[in-house]
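Enquirer:
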Amino acid sequence: MTSHIPQHDEHKEMSDWFISLFPKIRPAFIADDGCWIASMMTRSSDHNPPWAWIGWAFDSVSERGGFSRLQERMIEMHGEKSCRGQEVLDEAVRQLVTETCATAWSLKRFGSNNLPLSNGAHIENSTSGNWVVSNGGDTGFAINVVRLRPPNTQQEVVQQISTAVEVTKRTKPDGITHIYLYVDIWHDGPGYAHGIGYDFEATQPIIDSLSGYAGEHGIRYVLTKPFQWGNPVAEWL
């Protein structure tokens, strides 16, 4: 699918966003500090699509008044200081980054009036269940946001997808007609561009599993490369 790069008058670099979100963390390489956030402050989006799409997601949400709430949630989940390599805290932030990407995707897909400004609550990023919900009447939707975890076998990925579909079906909000499952593939370090999402033979079974499980339950879905919300690998809308 062709990538559609968001058009803004001014982009803020992904690393600058993390510096703004976590002012008490200092940029540091992963080998020196261990904290994923600190390391992201040293990274450049140039020629690195995952980091560029993160920056564009932060742009999109911030332009609609969502920065303060995003910062509150990130600090709540991770803490305001370096975690020194505590993976559970870093993964919590990565989940919130994926949720931000899903929110940006929804703004592009459904229009720019769904994210609340300070005087509204049309969209809520829940801290439980990872749901992004808009109660917009006929345009209401709910998105269950899932980050796939690095597996030991391909069957483990299929199981993660099956579980995500079941959780989506079981926990979907009442009164919402349009239900979506947003699945973000993990970022596999420097070799990410050779794995699932890029390699056809590795990716097609994942697409088939998602299509089969979600389609069986009538759940619409989006599958993205790492953080690349504007360039889905597969979608059924």
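Under my numbering, the letters of the sequence shown match residues 57 to 293, in that order. Note that CB positions come from ideal geometry on N, CA and C, so glycine has one too.
#1: In terms of residues, what are the limits of the alpha helix (DSSP H) holding residue 154?
#2: Any chance the region 260-267 sits against the region 209-217, with 3 or more Cβ pairs inside 8 Å?
#3: Give me the Cα-Cα distance between residue 112 and residue 118, rounded to the nearest whole angstrom.
#4: Can you name, in chain order, every residue of its own chain whose Cβ lies under 7 Å from the Cβ of residue 273, other than the five neighbours on each side?
#5: If you draw a straight line from the alpha carbon of residue 279 to that of residue 84, how long is it in whole angstroms?
#6: Let me know the secondary structure DSSP gives residue 105 once reduced to three states.
#7: DSSP on residue 74, reduced to helix/strand/coil?
#8: Check whether the region 279-293 touches the region 156-167, counting contact only when three or more Cβ pairs, one atom from each stretch, lie closer than 8 Å.
#9: Per the DSSP calculation, residue 197 is bridged to which residue(s)?
#10: Would you check if the distance between the CB atom of residue 110 and the CB atom of residue 157 is smaller than 9 Å?
Expert: In short, the structure shows the following:
#1: Residue 154 -> alpha helix (DSSP H) spans 143-166.
#2: Between the region 260-267 and the region 209-217 there are three or more C-beta pairs closer than 8 Å, enough to call the two in contact.
#3: Between the alpha carbons of residue 112 and residue 118 lies a gap of roughly 10 Å.
#4: Here the set comprises 221, 225.
#5: Their backbone Cα atoms lie some 31 Å apart in a straight line.
#6: DSSP places residue 105 in helix when its eight states are reduced to three.
#7: Residue 74 carries a helical assignment under DSSP once its states are collapsed to helix, strand and coil.
#8: Proximity of the region 279-293 to the region 156-167 meets the contact definition, three or more beta-carbon pairs being nearer than 8 Å.
#9: In the DSSP output, where bridge partners are listed per residue, residue 197 has 190, 234.
#10: Residue 110 is a Cβ neighbour of residue 157, given a cutoff of 9 Å.
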